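Numbering (our numbering), first residue to last: 995 to 1109.
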């Protein structure tokens, strides 16, 4: 049920995109404490302007039914920013992350909802 939806202005090859999926999925599962079999990760390339300037930037939206807290969110931010800096060269100060806790009744899966 956790979802990490990444948008970046960095030009990504299909190989780079696929090489980011697994580590991002592991980070989310480990930090939130949910089974990785429920984690979904998406990666999209898009135009971005941050601080009035173009250049490498990213936005990651992380949604989950439970598991998010101040401490968890800080750890997710640290680990996701480090990975994006290491793999894509995006400076951490050009990465925003949004965290959303979702009610189980507002998350659908497998023809139903989690609550």
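We put the beta carbon where it would ideally sit given N, CA and C, even for glycine. Bear in mind the structure is a predicted one, so any value in this text is a computation, not a measurement.
Leaving out the 5 sequence neighbours to the left and right, which residues in its chain are closer than 8 Å to residue 1083 when beta-carbon positions are compared? On the chain shown, residue 1083 is found 89 positions in, with the first residue counted as 1. Correct list, in chain order: 1004 and 1050.
Taking all protein chains shown into account, do 16 or more other C-beta atoms lie within 10 angstroms of the C-beta of residue 1000, making it buried, or fewer, making it exposed? Here residue 1000 refers to the residue found at position 6 of the chain shown. Residue 1000 comes out buried.
State buried or exposed for residue 1036, treating a residue as buried only when at least 16 other CB atoms are found within 10 Å of its CB. Reading the chain shown from its first residue, position 42 is the one you call residue 1036. Exposed.
What is the C-beta distance between residue 1096 and residue 1058, in whole angstroms, given that I count them as a contact (C-beta under 8 Å)? By 1-based counting over the chain shown, the position of residue 1096 is 102. By 1-based counting over the chain shown, the position of residue 1058 is 64. Correct: roughly 7 Å between the Cβ atoms.
To the nearest angstrom, how far is the alpha carbon of residue 1101 from that of residue 1062? Position 107 of the chain shown, counting from 1, holds the residue named residue 1101. Position 68 of the chain shown, counting from 1, holds the residue named residue 1062. For residue 1101 and residue 1062, the distance between alpha carbons rounds to 15 Å.
Minimum C-alpha distance to residue 1012 - residue among 1027, 1068 and 1081: Numbered from 1 along the chain shown, position 18 holds the residue referred to as residue 1012. Among 1027, 1068 and 1081, the Cα nearest to that of residue 1012 belongs to 1081.
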